Amino acid sequence: MLKDVRGRIAEYAERSVRKQPTIADLEAEGTLYVQLLKATNLLAADANGLSDPYCKLMLGDQKQRSRKLYKTLEPVWNNEVFAFAGCLGQLVAEPLQLTMYDFDILSSDDKLGEVQIELADHTYCNEIRRDLTACLDTQGEVYIQVIPEKFQTLKGCCASMCFPVIRPESRFRSGWNVALAFFILYCGIAVPLEIAFEPDMVKAFCTVPHDPYGPLTLRHECLPYLLWFWLNFFVDIFFIIDIVINFRTGYMHEGHFVNDDWMVMSAYLKESFIMDVASTIPLGIIQMLASPDNPYGDEQITQMQIAAEQAAGGSSENSAQTARMLRLLRLAKLTKLARMRKLAKLAESFEEYINPGVLAVSKLVFISLFCCHLFGCLWWMISDLEIAEELAGTMSPDSWFSTPYTSGPNEWHPPHWLKNEASLTMKYMHAFFWGAGMVTSLVPREVDPTTVVEYIVTCAVMFFGLMLNAYVISSLSQAMAAMNAKAEFTGKQMESIKSYLTIKQVPKALKGRIMEYYHYLFGSNMALENLDLFRQLPPALVMQLNLATNRRLAMNCAFFHKVSNESLVELLGHFTAVVFIPSQQIARQVITFDACNHVL
1 MLKDVRGRIA
11 EYAERSVRKQ
21 PTIADLEAEG
31 TLYVQLLKAT
41 NLLAADANGL
51 SDPYCKLMLG
61 DQKQRSRKLY
71 KTLEPVWNNE
81 VFAFAGCLGQ
91 LVAEPLQLTM
101 YDFDILSSDD
111 KLGEVQIELA
121 DHTYCNEIRR
131 DLTACLDTQG
141 EVYIQVIPEK
151 FQTLKGCCAS
161 MCFPVIRPES
171 RFRSGWNVAL
181 AFFILYCGIA
191 VPLEIAFEPD
201 MVKAFCTVPH
211 DPYGPLTLRH
221 ECLPYLLWFW
231 LNFFVDIFFI
241 IDIVINFRTG
251 YMHEGHFVND
261 DWMVMSAYLK
271 ESFIMDVAST
281 IPLGIIQMLA
291 SPDNPYGDEQ
301 ITQMQIAAEQ
311 AAGGSSENSA
321 QTARMLRLLR
331 LAKLTKLARM
341 RKLAKLAESF
351 EEYINPGVLA
361 VSKLVFISLF
371 CCHLFGCLWW
381 MISDLEIAEE
391 LAGTMSPDSW
401 FSTPYTSGPN
411 EWHPPHWLKN
421 EASLTMKYMH
431 AFFWGAGMVT
441 SLVPREVDPT
451 TVVEYIVTCA
461 VMFFGLMLNA
471 YVISSLSQAM
481 AAMNAKAEFT
491 GKQMESIKSY
501 LTIKQVPKAL
511 KGRIMEYYHY
521 LFGSNMALEN
531 LDLFRQLPPA
541 LVMQLNLATN
551 RRLAMNCAFF
561 HKVSNESLVE
571 LLGHFTAVVF
581 IPSQQIARQV
591 ITFDACNHVL
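Just so you know, we're using the numbering used here here: the sequence shown kicks off at 1 and counts up by one.
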């Protein structure tokens with residue numbers, strides 16, 4: 001039983017029954033969630049026979065306050081959850097004090113009543129929910145729900161050893177997401193380019209500019225290549241730091257912020273931890289550790305090792321396997337593209353600043369360009385692997401990469417002159433052109449696959465290009481319409497009004513004035529204010545929405561400059577939007593005003 005300060009008994013109901021709490025439960029670090037549900041039969045403190053109630057909660061030295069509700073004696077709060085963190089045993093040992101107040105603008109707030117709830121009278125375990133009803137010392141009842149949850153970590157050690165849990169909408173996390181999106185885009189462009197064109201990039205980096213067909217500099221002596229290599233290593237370090245930050249980024253659940261160490265960690269482990277780790281493995285450093293004689297995977301060093309083994313009369317099998325492993329290591333870098341799936345989620349954070357229609361069109365353009373880039377790099381990579389295996393003489397006739405002897409020259413590969421071209425830009429643009437032709441289904445050059453792999457890749461790319469075309473065409477019309485959502489919203493209403501006036505044979509002059517009036521009406525914000533779109537919003541959000549949508553009125557009218565937000569919201573509730581046509585008489589000097597007009 002619960003008793004108030006006057007000794008009256010208040011009822012309580014247990015939602016669930018679990019085991020009795022142990023000493024470990026009471027000594028555990030945790031959070032006591034108190035959800036304020038409603039209050040009934042409160043005192044009337046205002047002249048209109050109502051009150052503007054809000055509640056103050058105090059548990060030990062922790063104080064919190066609910067939002068204000070206006071003109072009611074039976075307030076109902078939605079998603080009003082308060083978190084009291086600490087040792088559960090100490091939390092339940094303190095009485096929970098609830099004090100109801102009436103909000104006043106010109107004077108101090110009136111006290112409507114208070115009650116103290118002795119939490120120690122009840123047995124509490126982890127996640128047991130209890131609905132409690134307590135009587136105020138004056139008049140009325142308060143309904144709350146108590147939810148204790150102990151941390152799964154040991155005494156909150158993660159919070160003491162690491163940095164605090166970050167809110168997902170914090171300024172630091174928002175800035176970090178912008179940097180994360182930039183590096184993901186960088187990987188989306190650089191990784192396919194590096195996999196397909198690494199030998200050609202090395203030639204472009206490590207040759208003398210005025211002699212592009214001259215001798216190559218070794219990779220560890222080539223400054224442009226070293227800058228490229230360590231830039232990729234820095235990106236890997238950034239993604240590793242992102243994994244650590246994700247372990248300390250909380251999330252919203254059922255209206256309250258979850259900052260429990262174990263729950264945040266479990267949520268991230270279940271969601272995207274494995275894919276993030278797979279896309280963050282520093283393959284370049286692994287290559288340096290696995291092959292200290294050739295830390296940068298230089299093909300010149302590999303060829304010199306093969307030649308040295310053959311000259312010594314030994315087998316060059318080990319060196320050939322090393323060369324093959326280097327090519328496979330290039331393919332392993334494809335795991336870095338796993339983070340591309342996060343771009344859609346990160347793009348949602350920009351909807352606040354960018355028109356949704358423009359953002360949707362930008363997404364379609366990016367998807368199309370990225371597919372052209374990816375397919376072009378895939379085509380060049382397959383061709384490069386097949387040519388390298390043929391030149392090495394290690395390809396089996398039964399291999400899927402093997403070209404049949406009776407097929408003649410392989411026309412699916414890039415032209416011979418292009419493979420020997422010194423310009424990396426020319427090679428990439430030709431590959432991008434091939435990918436664009438497959439994506440758009442135009443196929444501007446002869447595509448005649450010869451090997452099994454070539455048939456598989458060509459069929460897959462053509463089928464994907466067909467599906468991408470269907471998706472882009474179906475989504476583009478919606479995205480273009482969303483770029484001018486206001487015109488689309490009012491267009492149907494204008495057509496209905498015009499049809500009605502035409503059917504009723506309204507005179508042309510009057511019809512023009514009516515259409516002009518509705519053009520102005522729908523062009524202003526008044527047409528949108530009458531929509532009942534936000535009736536399910538809680539009062540606190542409704543107040544913030546009213547302040548945001550009427551900011552121009554409050555700034556232009558000096559009458560509202562010194563008015564509090566609560567008073568401004570109350571006044572706005574009695575305002576009515578009115579549109580006056582030209583030459584319409586609004587008021588005369590001899591007529592008493594029954595309304596105050598604020599012209600915008």
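For glycine and all other residues, C-beta sits at the position ideal for the given N, C-alpha and C.
The structure displayed is predicted, hence computed values, not measured ones.
Selection from the options that minimises the alpha carbon distance to residue i
i	options	result
F183	P404, L337, N550 and K63	L337
C377	Y268, A190 and Q287	A190
L442	P356, F463 and Y455	F463
E74	M58, D102 and A47	D102
I285	F257, W230 and N79	W230
N48	S66, Y70 and K38	Y70
T280	A332, T450, M265 and L227	A332
K68	F172, A460, S567 and Y428	S567
E390	S174, T451 and K427	T451
P148	E194, C87 and T31	T31
Pairwise C-alpha distance: residue j and residue i
i	j	result
V92	T99	18 Å
V178	K504	57 Å
G250	D261	9 Å
Q97	Y518	56 Å
L223	L374	28 Å
E198	D236	18 Å
D104	D276	53 Å
F234	W176	15 Å
L572	D46	20 Å
F414	E421	Inspection of the sequence shows that residue 414 is occupied by Pro rather than by Phe. Rounded to the nearest angstrom, the two C-alpha atoms are 11 Å apart.
L359	F239	26 Å
C125	Q493	Confidence at C125 is low in this model, with a pLDDT of 48, below 50, so its placement is unreliable and the value that follows should be read with caution. Going by the C-alpha atoms only, they are around 59 Å apart.
G33	W77	Before going further, note that residue 33 is Tyr rather than Gly in the sequence given. For Y33 and W77, the distance between alpha carbons rounds to 15 Å.
S475	G188	23 Å
N294	M288	7 Å
V439	L185	20 Å
D200	H430	14 Å
P53	V264	35 Å
L369	P409	31 Å
A290	V244	26 Å
R130	S496	55 Å
Endpoints, the alpha helix (DSSP H) within which residue i is located
i	result
P53	Here P53 belongs to no alpha helix (DSSP H); instead the beta strand (DSSP E) covers P53 to L59.
R173	R171 to F205
L345	At residue 345 the sequence reads Lys, which differs from the Leu that was named. First-last of the alpha helix (DSSP H) with K345: K342 to E348.
S564	Here S564 belongs to no alpha helix (DSSP H), and DSSP marks it neither H nor E.
F233	L223 to N246
K270	D261 to E271
Q287	L283 to A290
Where residue i falls, given that 16 or more other Cβ within 10 Å makes a residue buried
i	result
S16	Confidence at S16 is low in this model, with a pLDDT of 40, below 50, so its placement is unreliable and the value that follows should be read with caution. Burial call: exposed.
Q585	exposed
C55	buried
A278	exposed
D398	exposed
L334	exposed
A267	buried
S51	buried
D448	exposed
Q35	buried
L531	Its pLDDT being 47, under 50, L531 is placed unreliably by the model, and nothing is read from it.
L136	buried
L180	buried
V569	buried
E114	buried
N-terminal and C-terminal residue of the beta strand (DSSP E) that residue i is part of
i	result
E118	D110 to E118
C135	R130 to C135
P95	P95 to D102
A422	No beta strand (DSSP E) holds A422; DSSP gives it neither H nor E.
V84	Note that residue 84 corresponds to Phe in the displayed sequence, not to Val. Counting along the chain, the beta strand (DSSP E) containing F84 begins and ends at V81 to C87.
Q64	Q62 to R65
Residue i: CB within 6 Å of a non-hydrogen atom of the ligand SAH
i	result
V365	In the structure on display, the ligand SAH does not appear, and there are no ligands present to speak of.
- prompt: Taking one C-beta from the stretch 62-79 and one from the stretch 167-174 each time, how about it: are there three or more such pairs within less than 8 Å?
  reply: Counting C-beta pairs with one atom in each stretch, the stretch 62-79 and the stretch 167-174 have fewer than three that are closer than 8 Å, which means they do not touch.
- prompt: At a cut of 8 Å, does the stretch 497-515 reach the stretch 382-391 through at least three beta carbon pairs?
  reply: Under the Cβ criterion (8 Å, minimum of three pairs), the stretch 497-515 does not count as touching the stretch 382-391.
query: Okay, do the stretch 79-89 and the stretch 108-119 touch, 3+ Cβ pairs below 8 Å being the bar?
result: For the pair of segments examined, the stretch 79-89 was found not to touch the stretch 108-119: the number of CB pairs separated by less than 8 Å stays below three.
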